[in-house]
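Undergrad: Mind having a look at this structure? Questions to follow.
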Amino acid sequence: MGRAPANGKRSPPPPPPPGRCHFWLPNKRRHCANSPLPSSQYCGNHLPESASGAGRRVPCPVDPSHTVLEENLEEHVGKCPLKKQVAALAAQPYYSKGINSGGSEAGRGITSAEKRAAVYRLTDDEFRGLLGKIRSVHAAAAVAMRESYLITDACDKWMSGQVDRKVPYQEKHVAQQASIVGNMEAFGLLRKGGADVVGGENVAVSAQAVMEFGAGRGYLTQVLVDCYGIRNVFLVERRSYKLKADRSLRQNEDVTLERLRIDIEDLNLHGIEALRGLKYLAIGKHLCGPATDMTMTCCLPEQYDQTEERVHGKHSLQGLALATCCHHLCQWKHYINLSSQD
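Laid out in structure tokens, this is it:
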């Protein structure tokens, strides 16, 4: 983490790229990517109040990622494009607000800006002491970690690029996906033999379904379908993407696919009707920050009481294969192993 200069002053932002809004986004350390309005240096979202000649802009309560004029707020909320989407999601049986957010109240009211400010207030000695603690904890935890890059014969089709030309192919991503799959086989989540089917059952898979968390376009699942004959597929992703694997997966008549556009934090697995009674694997290639903790919390049977299991039918987790990223986004309030810190 970068520290503030000793005099407490930050250097000014660089000039904006040509044709870009001049508004500086401090958290992203870049200028707004929108085009400016005619005869202005700013886009409509960031036009200064004094220049706009209008009232104050406030975040939309439906989708805070954009702002509206305060005087138009009530009218806008009624026609915000995301209003119907939010209402439709809330009506789904698998939606349960914050069910996987974690049980700790510690730090819930502290903003990221306040945390950064606390670090900036540290003296040099205090800052060095903090770094020493971080390095000590990392050294102790890293002993149990090892690099494992495994590619199985079952993934030859993908590694050699022998896939549908309409499917985006990037060697870097394919190698990562194949190694995740290879480690799944090494740990017994997948059996050697590829996509062989005997007596109507896939002999290479110990589970009846795969649920990919933070699925993005879904190509980790596509590799499992092509190389190991996975048949029941659930893709969990809160964002919308182009060039998804969905079209290719749906063209496979043996595959049943369900994409759930929802935040992992709000996903109640017992509400997914198609998952009821199935043994499944939980996978994820790009789980940013607390999404890893939320995924594990989501899959834990302790999340659901026995009444839910009797009513909805019990699903059974067979194993997890999760690749983490963006550790700087992790938050204590979402940490799954809080009991070990008591």
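The UniProt record's numbering puts the first residue of the sequence shown at 1, with every later residue one more than the last.
We put the CB at the ideal spot given by N, CA and C, even for glycine.
Taking residue 211 as the reference, give the member of 156, 298, 137, 130 with the closest Cα.
TA: Measuring from the Cα of residue 211, the nearest candidate turns out to be 298.
Undergrad: Contact criterion: CB-CB distance below 8 Å. Does residue 98 meet it with respect to chain D?
TA: Considering every chain present, this structure includes no chain D. It has just one protein chain.
Undergrad: Indicate the three-state DSSP secondary structure (helix, strand or coil) for residue 236 in the structure shown.
TA: Residue state, collapsed to three classes: strand.
Undergrad: Whole angstroms are fine: how far does the CA of residue 99 sit from the CA of residue 278?
TA: Those two C-alpha atoms are separated by around 21 Å.
Undergrad: If you count every other CB in all the chains shown that lies within 10 Å of the CB of residue 231, and 16 or more means buried, which is it?
TA: So residue 231 ends up on the buried side.
Undergrad: Using 8 Å for Cβ pairs, my map puts residue 325 next to residue 287. What's the rounded Cβ distance?
TA: Going by Cβ atoms, the distance from residue 325 to residue 287 rounds to 7 Å, so yes, they are a contact pair.
Undergrad: So the candidates are 337, 192, 171; which of them puts its Cα closest to the Cα of residue 294?
TA: For residue 294, the nearest C-alpha among the options comes from 337.
Undergrad: DSSP three-state call for residue 22: helix, strand or coil?
TA: Residue state, collapsed to three classes: coil.
Undergrad: Do you know offhand how far residue 177's Cα is from residue 223's?
TA: Their backbone Cα atoms lie some 7 Å apart in a straight line.
Undergrad: Measuring alpha carbon to alpha carbon, tell me which residue in 268, 339, 321, 332 is nearest residue 315.
TA: If we check each option's Cα against that of residue 315, 268 comes out closest.
Undergrad: Buried or exposed, going by whether 16 or more other CB atoms sit within 10 Å of the CB of residue 247?
TA: Label assigned to residue 247: exposed.
Undergrad: Taking the C-alpha atoms as reference points, what is the distance between residue 339 and residue 320?
TA: Each residue's alpha carbon lies about 21 Å from the other.
Undergrad: Pull up the distance between the alpha-carbon of residue 31 and that of residue 75, whole angstroms please.
TA: Roughly 30 Å between the two C-alpha positions.
Undergrad: Looking only at DSSP bridge pairs, what is residue 95 linked to?
TA: Paired residues: 267.
Undergrad: Determine whether the beta carbon atoms of residue 238 and residue 261 lie at a separation below 8 Å.
TA: Closer than 8 Å, so yes.
Undergrad: Which value, in whole angstroms, describes the spacing of the CA atoms of residue 15 and residue 23?
TA: Their backbone Cα atoms lie some 10 Å apart in a straight line.
Undergrad: Going by the beta-carbon positions, is the gap between residue 101 and residue 334 smaller than 8 Å?
TA: Yes, they are a contact pair.
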